[in-house]
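> Take the sequence shown: its letter number 99 is residue 916 in our numbering, and every next letter is one higher.
Below are the structure tokens for one structure; questions will follow.
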Amino acid sequence: DSIFTLMAVQMLPAGAAGFVLAGALSAVMSTLSGPFLAASTVIINDFVIPSCKSKPEDKKVLHWIRLCMAISGIVGLAIAFWLQEVLVALDFAYEILASSVVVPVFAGLFWKRANSKGAFAAIVAGLVGMIIGMIIWGISSLYPILLGMGASLIAMIAVSLATPAESEKWNRLFSRTVEDTPEMTAQ
């Protein structure tokens, strides 16, 4: 994992090695800022603000987003220290993605009865199933993904069928074609 750092320090003069390492660190920080900001914005805009009684001020929302980014960074750092190897961390990230996101995405694309409550339940159930699977079988096993995807599928179907369907407005919006859209045909 540390071959890049080792090569830069041993093969380059001190000043050049510093620039190379600073460039690598800035690339990592730049890459991580996007997902942290996106996740924090989604959490605040989709969960925190709707639960407020009145619309919060922009400064307060910005404070919440920054706090959420800090918490996300600390959690990410803790996971990185816990896993310690890049390939294990990548495997862990793909396990989370596969076990909690695949079922809601495909259900949303191909099943008209799928709804947002079912998708949320599927994401949570997939994540919980994957974590339970990791405790039972370990991080590098395939079984946590399968358990998570199975839990996600069951939750998606059960909650989507148990809750009201999304409004017809949303179904029309997502099933429209270019010919159905007046602003597209007018051009």
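Beta carbons: idealized from backbone N, C-alpha and C, even for Gly.
A quick note: this is a predicted structure, and the numbers were derived from the prediction, not measured.
Exposed or buried, which one is GLU912 when buried takes at least 16 other CB atoms within 10 Å?
When all chains shown are included, GLU912 counts as buried.
> Which word fits ALA939, buried or exposed, when buried means at least 16 other C-beta atoms lie within 10 angstroms of its C-beta?
Per the 10 Å Cβ criterion, buried.
> For ALA910, which of helix, strand or coil comes out of DSSP?
Note: ALA910 maps to helix in three-state DSSP.
> Please report how far the alpha carbon of VAL922 lies from the alpha carbon of GLY946, in whole angstroms.
Looking at the two C-alpha atoms, the distance is approximately 18 Å.
> Considering only residues of the same chain and omitting the five flanking positions on each side of LEU829, which have a CB-CB separation below 7 Å?
So the qualifying residues of the chain are VAL837.
> Along the alpha helix (DSSP H) that carries TRP899, what are the first and last residues, could you check?
Residues 875 to 900.
> Hey, how far is the Cα of ALA839 from the Cα of GLY851?
When rounded, the distance between both Cα atoms is 19 Å.
> In terms of residues, what are the limits of the alpha helix (DSSP H) holding TRP954?
Here the alpha helix (DSSP H) through TRP954 covers 933 to 954.
> Is it the case that the stretch 874 to 894 contacts the stretch 845 to 864, given that we only count it when at least three CB pairs across the two stretches are under 8 Å?
These segments touch.
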